[in-house]
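Reviewing the structure listed below.
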Amino acid sequence: MSECVTQIYENTFFQGGDLTTVFTPSANYCQIVCTYHPTCLLFTYLPATWTTDVAKRFSCYLKDSDTEMLPKVDMEGAISGHSLKQCNEISACSPDVHVGLDMEGNIFDISMADSYQECQKRCTNDNRCHFFTYASENFHNASFCKKCLLKHTSVGTPTNIKALDGVVSGFSLKPCQLSELDCQMDIFEDQVFSGINVTSFFTPDISVCQTMCTYFPKCLFFTFFTRKWQIESQRNLCLLKTSTSGIPEELISQENAVSGFGLLNCRKSFPACNSRTYMQMDFLGDELTVTYAKGHRACQQVCTDMIRCQFFSYFLLRDSCNEEGKCECHLRMSLNGSPVKIVHGPGSISGYSLRLCKKKHSASTIRIVGGTDSSPGEWPWLVSLHAKLSRQRHLCGGSIISSQWILTAAHCNPNIWRIYAGILRQSEINEDTPFFKVEEIIVHSQYKYAHIGHDIALMKLTEPMNFTDLQLPICLPSKEDTNIFYTDCWVIGWGYRKEKGRLRRAPVLQARGGVVSGGHHQLGRRLRPPQAAWSLHQGC
Numbered sequence: 002m003s004e005c006v007t008q009i010y011e012n013t014f015f016q017g018g019d020l021t022t023v024f025t026p027s028a029n030y031c032q033i034v035c036t037y038h039p040t041c042l043l044f045t046y047l048p049a050t051w052t053t054d055v056a057k058r059f060s061c062y063l064k065d066s067d068t069e070m071l072p073k074v075d076m077e078g079a080i081s082g083h084s085l086k087q088c089n090e091i092s093a094c095s096p097d098v099h100v101g102l103d104m105e106g107n108i109f110d111i112s113m114a115d116s117y118q119e120c121q122k123r124c125t126n127d128n129r130c131h132f133f134t135y136a137s138e139n140f141h142n143a144s145f146c147k148k149c150l151l152k153h154t155s156v157g158t159p160t161n162i163k164a165l166d167g168v169v170s171g172f173s174l175k176p177c178q179l180s181e182l183d184c185q186m187d188i189f190e191d192q193v194f195s196g197i198n199v200t201s202f203f204t205p206d207i208s209v210c211q212t213m214c215t216y217f218p219k220c221l222f223f224t225f226f227t228r229k230w231q232i233e234s235q236r237n238l239c240l241l242k243t244s245t246s247g248i249p250e251e252l253i254s255q256e257n258a259v260s261g262f263g264l265l266n267c268r269k270s271f272p273a274c275n276s277r278t279y280m281q282m283d284f285l286g287d288e289l290t291v292t293y294a295k296g297h298r299a300c301q302q303v304c305t306d307m308i309r310c311q312f313f314s315y316f317l318l319r320d321s322c323n324e325e326g327k328c329e330c331h332l333r334m335s336l337n338g339s340p341v342k343i344v345h346g347p348g349s350i351s352g353y354s355l356r357l358c359k360k361k362h363s364a365s366t367i368r369i370v371g372g373t374d375s376s377p378g379e380w381p382w383l384v385s386l387h388a389k390l391s392r393q394r395h396l397c398g399g400s401i402i403s404s405q406w407i408l409t410a411a412h413c414n415p416n417i418w419r420i421y422a423g424i425l426r427q428s429e430i431n432e433d434t435p436f437f438k439v440e441e442i443i444v445h446s447q448y449k450y451a452h453i454g455h456d457i458a459l460m461k462l463t464e465p466m467n468f469t470d471l472q473l474p475i476c477l478p479s480k481e482d483t484n485i486f487y488t489d490c491w492v493i494g495w496g497y498r499k500e501k502g503r504l505r506r507a508p509v510l511q512a513r514g515g516v517v518s519g520g521h522h523q524l525g526r527r528l529r530p531p532q533a534a535w536s537l538h539q540g541c
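Using our numbering, read the sequence shown as starting at 2 and increasing by one per residue.
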């Protein structure tokens with residue numbers, strides 16, 4: 002089973018497996034490009050400090066491998082890593098700006114702007130803009146001072162990147178759901194949109210076609226030919242389109258054609274995947290393997306668990322099934338991530354991998370428990386901090402906030418730490434249990450004593466952890482939830498619980514509480530502003 006791997010390899014170059022090369026301003030953006038590329042599993046990035054060949058600075062090498070790994074070669078300055086296709090937090094949003102870098106591309110608009118923020122907003126609110134460069138008032142060429150250059154390319158990434166004083170570059174914030182343009186969700190039945198064809202895919206329905214358009218760099222609108230389209234070879238064909246004006250040039254009435262727009266301008270995020278399955282369709286592509294599964298959903302899960310699998314076909318005719326009632330599950334892929342052909346007929350169910358559907362758990366998920374044992378994976382961000390005092394033992398809890406950072410209390414500050422993640426019971430920990438070491442502890446600058454407040458600290462791990470179902474970053478409210486007032490909170494941790502008059506060591510305990518807005522805790526203790534407050538309804 003393929004898992005999310007977040008590890009970054011510094012001073013390392015992945016040898017072989019080359020798919021293509023693009024230019025990106027950072028290793029993080031190189032990883033984003035790899036994640037959304039249909040076949041990229043690995044990448045190597047050469048940063049601005051690369052000295053071996055200056056022309057190759059900012060090069061992002063996208064790579065693939067049958068074994069999901071490639072030989073690692075020591076190379077000073079190179080940065081390598083994995084696609085995040087199997088990870089639980091996937092986003093194409095890149096809000097960072099890059100000072101002193103000129104991201105080159107096709108310039109289609111030049112205008113005056115007072116700041117790079119205004120320029121980035123202008124790019125975000127232009128259908129054609131992928132990225133921008135802003136020349137500040139300190140730019141060496143006075144005629145370009147305070148000029149905003151909007152740019153695009155065929156693949157959405159710069160054609161080259163160069164160091165240049167006095168400029169700031171960045172990407173459109175459309176993938177961050179910050180566009181102020183209209184979100185055009187209307188579907189036009191029996192209509193063909195006229196425009197410039199960018200590319201085409203075979204898709205089972207208009208929904209997948211629209212998703213393709215949303216995430217394909219140059220696509221602004223699309224036309225889909227249904228299975229009743231008069232030309233057989235074009236049935237289920239999805240045409241991705243653009244135009245110089247940003248809108249269809251004209252609407253042409255045509256039966257069995259459906260048209261619409263990409264959803265990149267919407268203030269809601271749409272996943273780059275499709276969870277539906279399709280009866281009586283066979284998705285053709287390169288065969289990765291054939292296995293047996295009990296039901297098409299099980300087949301879909303097998304496809305999801307295999308990182309190279311993009312889509313599947315499940316055959317439920319009798320001659321395709323074994324004595325256990327499991328039927329043939331064909332795991333497939335293609336160069337562009339879509340079926341090379343869709344065949345209609347009885348006996349087959351097809352669908353896509355769910356690898357890009359994964360989202361972090363909702364911060365508002367309700368679990369109806371109170372002072373009870375939790376189950377494995379229920380609180381995957383909880384870690385146990387062990388300090389070696391007179392003996393190795395659990396001393397504090399903490400929360401995973403990223404692959405290399407733990408949030409904990411400032412009073413938890415001995416120097417020798419072992420951090421265990423994915424643990425339900427302390428009794429599970431033995432000398433063979435994997436653990437993380439701490440590289441650095443950052444304590445709140447105003448912390449003195451726990452009872453006064455500011456009792457918070459960050460711990461940096463010596464190496465990143467790989468995320469699994471049992472260890473994930475803590476659920477935090479999204480930007481859209483900032484105005485929501487939450488009334489419930491949960492307290493979780495290890496300890497003892499009284500049962501039949503005796504104390505016994507318990508697994509992770511959980512209790513539901515209420516958020517206190519100010520004043521007094523229900524136990525009567527006065528609350529100070531820096532302190533977090535909660536009221537326990539049912540103790541543990």
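Where a beta carbon is used, it is the ideal one built from N, C-alpha and C, also for glycine.
Check: DSSP-derived helix/strand/coil call for residue 175; Outcome: helix
Check: Separation of residue 137 from residue 196, as counted between CA atoms; Outcome: 36 Å
Check: Span of the alpha helix (DSSP H), counted from its first residue to its last, around residue 209; Outcome: 207–216
Check: For residue 65 and residue 89, the rounded distance between their alpha carbons; Outcome: 21 Å
Check: Residue 323, buried or exposed, once every other Cβ within 10 Å from all chains shown has been counted against 16; Outcome: exposed
Check: Validate contact between the region 24–31 and the region 42–59 using beta carbons, cut 8 Å, 3 pairs; Outcome: yes
Check: Continuous beta strand (DSSP E) stretch holding residue 29: start and end; Outcome: Element bounds for residue 29: not the beta strand (DSSP E) but the alpha helix (DSSP H), 28–37.
Check: Limits of the alpha helix (DSSP H) - the one that residue 123 falls within; Outcome: 117–125
Check: Beta strand (DSSP E) segments (min. 3 residues) lying fully within the region 222–300; Outcome: 222–226, 238–243, 251–262, 278–285 and 287–294
Check: Rounded distance between the beta-carbons of residue 152 and residue 134, thought under 8 Å; Outcome: 7 Å
Check: Close beta carbons around residue 223, own chain, < 8 Å, minus the five adjacent residues each side; Outcome: 194, 210, 211, 213, 214, 239, 240, 241, 242, 260, 261, 262 and 263
Check: Entirely enclosed beta strand (DSSP E) segments - the region 384–447, minimum 3 residues; Outcome: 393–403, 406–409, 418–422 and 439–444
Check: Inter-residue Cα distance where the pair is residue 99 and residue 164; Outcome: 10 Å
Check: Validate contact between the region 343–351 and the region 442–449 using beta carbons, cut 8 Å, 3 pairs; Outcome: no
Check: When 162, 167, 254 and 128 are compared against residue 143, the one with the closest alpha-carbon; Outcome: 167
Check: Rounded distance between the beta-carbons of residue 466 and residue 422, thought under 8 Å; Outcome: 6 Å
Check: Beta-carbon gap between residue 52 and residue 81 smaller than 7 Å; Outcome: no
Check: Closest residue to residue 248 among 300, 184 and 235 (Cα-Cα distance); Outcome: 184
Check: Cut-off 6 Å between Cβ atoms - residues of its own chain near residue 341, not counting five sequence neighbours on either side; Outcome: 285, 286 and 335
Check: Outcome for residue 109 when other beta-carbon atoms lying within 10 angstroms are tallied against a minimum of 16; Outcome: exposed
Check: The beta strand (DSSP E) enclosing residue 81, as first and last residue numbers; Outcome: 73–83
Check: Option nearest residue 462 by Cα separation, candidates 425, 446, 406 and 494; Outcome: 406
Check: Check whether residue 203 and residue 339 have beta carbons under 7 Å apart; Outcome: yes
Check: Residue 424 and residue 385 closer than 7 Å at C-beta; Outcome: yes
Check: Residue 343, buried or exposed, once every other Cβ within 10 Å from all chains shown has been counted against 16; Outcome: buried
Check: Residue 13, enclosing beta strand (DSSP E) - first and last residue; Outcome: 10–15
Check: Span separating the alpha-carbon of residue 475 from that of residue 140; Outcome: 43 Å
Check: Residue 22 in three-state terms, based on DSSP; Outcome: strand
Check: Identity of the residues DSSP links to residue 333 by a beta bridge; Outcome: 288 and 312
Check: Residue span of the beta strand (DSSP E) that contains residue 355, given as start and end; Outcome: Here residue 355 belongs to no beta strand (DSSP E), and DSSP marks it neither H nor E.
Check: Distance between residue 278 and residue 302 (C-alpha atoms, nearest Å); Outcome: 12 Å
Check: Spatial neighbours of residue 270 in its chain, beta-carbon cut-off 8 Å, leaving aside the 5 residues before and after; Outcome: 92 and 178
Check: Nearest residue (CA-CA) to residue 86, options 429, 236, 191 and 40; Outcome: 40
Check: Exposure label - residue 446; buried when at least 16 CB within 10 Å; Outcome: exposed
Check: Outcome for residue 519 when other beta-carbon atoms lying within 10 angstroms are tallied against a minimum of 16; Outcome: At residue 519 the pLDDT is 44, less than 50, meaning the model places this residue with poor confidence; the figure from the coordinates comes in the next sentence. Exposed, since its Cβ has fewer than 16 Cβ neighbours within 10 Å.
Check: Straight-line gap, residue 413 to residue 419 (C-alpha atoms, nearest Å); Outcome: 12 Å
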